[in-house]
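**Student:**
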Amino acid sequence: MKVLNLQCQHGHGFEGWFSSEDDFQHQLSTGFLACPMCGDAQVAKLPSAPRLNLGASQPGHESRAHAPDSPGVAAGPTGQCAVPADNAASLVPQAVQAAWLHVVRRVMASTEDVGQRFAEEARKMHYGECEARGIRGHATPQQTEELLDEGIAVMPLPVPDGFKDTLQ
Ligand SMILES: [Zn+2]
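Just so you know, numbering that gives the first Met the number 0 puts 69 at position 70 of the sequence shown, and the rest follows in order with no gaps.
1) Please classify R170 as buried or exposed, where buried requires at least 16 neighbouring CB atoms within 10 angstroms.
2) Which whole-angstrom value is the C-beta distance of G30 and A40, which I expect to be below 8 Å?
3) Do you know whose CA, among K1, L5 and G150, lies nearest D22's CA?
4) Can you tell me whether A121 is buried or exposed, with buried defined as 16 or more other CB within 10 angstroms of its CB?
5) Does the beta-carbon of M0, which I'm using as the reference point, lie nearer than 7 Å to any heavy atom of ligand 1?
6) Is the closest heavy atom of ligand 1 to the C-beta of D21 under 7 Å?
7) I'd like to know whether the C-beta atoms of A118 and A138 end up nearer to each other than 8 Å.
8) Could you say which of H25, C7, P155 and G12 lies nearest to M107 if we only look at CA atoms?
9) Go ahead and pull the three-state DSSP assignment for P83.
10) May I have the straight-line CA-CA distance separating H65 from G12, to the nearest angstrom?
11) What's the C-alpha gap between L147 and T110?
12) If you run the structure through DSSP and keep just helix, strand and coil, what is F17?
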């Protein structure tokens with residue numbers, strides 16, 4: 000339900016109740032809407048602002064009470080919309096990168112670097128020739144494929160350039 004402040008050509012102000020803005024426009028265009036005091040069909044919708052100003056124009060505490068709220072209410076939605084939008088653009092990639100570096104760091108901390116012997120060590124562990132442990136190292140795509148063919152689980156772990164240097 001929409002309550003609109005209306006006024007006829009003769010300055011009669013009255014309220015009109017409508018189901019929607021479209022309902023108001025429809026009643027206005029079909030001439031169904033008329034001033035209840037003089038029957039004038041030339042009815043205009045008043046902006047809601049004058050009604051709000053009635054309260055503000057009253058002397059005393061009410062205008063003062065509203066004064067601190069008004070800037071906050073006006074600035075609030077603007078700020079709430081603008082800040083997360085900015086943050087979303089700048090923070091999400093950082094958060095993703097941070098989470099990924101965290102994973103890389105954990106993997107590196109809990110695995111042994113076997114370097115170029117990765118495929119060899121992985122195979123030895125798989126066939127029980129040495130104790131199973133977490134290892135990391137380098138394997139060519141062909142080596143990785145061979146390991147996978149033998150049922151040895153290996154996980155590619157792209158490490159950002161320069162990150163290995165900072166760890167070791
Ligand atoms: Zn009127």
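Ideal Cβ positions, reconstructed from N, Cα and C, are used throughout, including at glycine.
**Tutor:** Per the coordinate set shown:
1) Residue numbering for the chain in the displayed model covers 0 to 167; residue 170 lies beyond these limits and cannot be assessed.
2) Walking along the sequence shown from the start, residue 30 turns up at place 31. Walking along the sequence shown from the start, residue 40 turns up at place 41. Between A40 and G30 the Cβ distance is about 5 Å, and since that is below 8 Å, they are a contact.
3) The sequence position of residue 22 within the sequence shown is 23, counting from 1. Closest by alpha carbon: K1.
4) On the sequence shown, position 122 is the one that residue 121 refers to. Buried, since its Cβ has 16 or more Cβ neighbours within 10 Å.
5) In the sequence shown, counting from the first residue as 1, residue 0 sits at position 1. No, Cβ of M0 sits at least 7 Å from all heavy atoms of ligand 1.
6) Here residue 21 refers to the residue found at position 22 of the sequence shown. D21 Cβ: outside cutoff for every heavy atom of ligand 1.
7) Translated into positions along the sequence shown, residue 118 becomes position 119. Translated into positions along the sequence shown, residue 138 becomes position 139. In this structure, A138 lies closer than 8 Å to A118 by Cβ.
8) Counted from its first residue, the sequence shown places residue 107 at position 108. Ranking H25, C7, P155 and G12 by Cα distance to M107 puts P155 first.
9) Along the sequence shown, one-based indexing puts residue 83 at 84. A caution first: P83 carries a pLDDT of 43, below 50, which makes its placement in the model unreliable, though a value can still be read off. Three-state DSSP puts P83 in a helix.
10) Within the sequence shown, numbered from 1, the residue matching residue 65 stands at position 66. Within the sequence shown, numbered from 1, the residue matching residue 12 stands at position 13. Bear in mind that the predicted position of H65 carries a pLDDT of just 47, short of 50, making it unreliable; the figure below should be weighed with that in mind. So the alpha carbons of these two residues sit roughly 26 Å apart.
11) Mapped onto the sequence shown, residue 147 falls at position 148. Mapped onto the sequence shown, residue 110 falls at position 111. Rounded to the nearest angstrom, the two C-alpha atoms are 19 Å apart.
12) Counted from its first residue, the sequence shown places residue 17 at position 18. If DSSP states are grouped into helix, strand and coil, F17 belongs with the strands.
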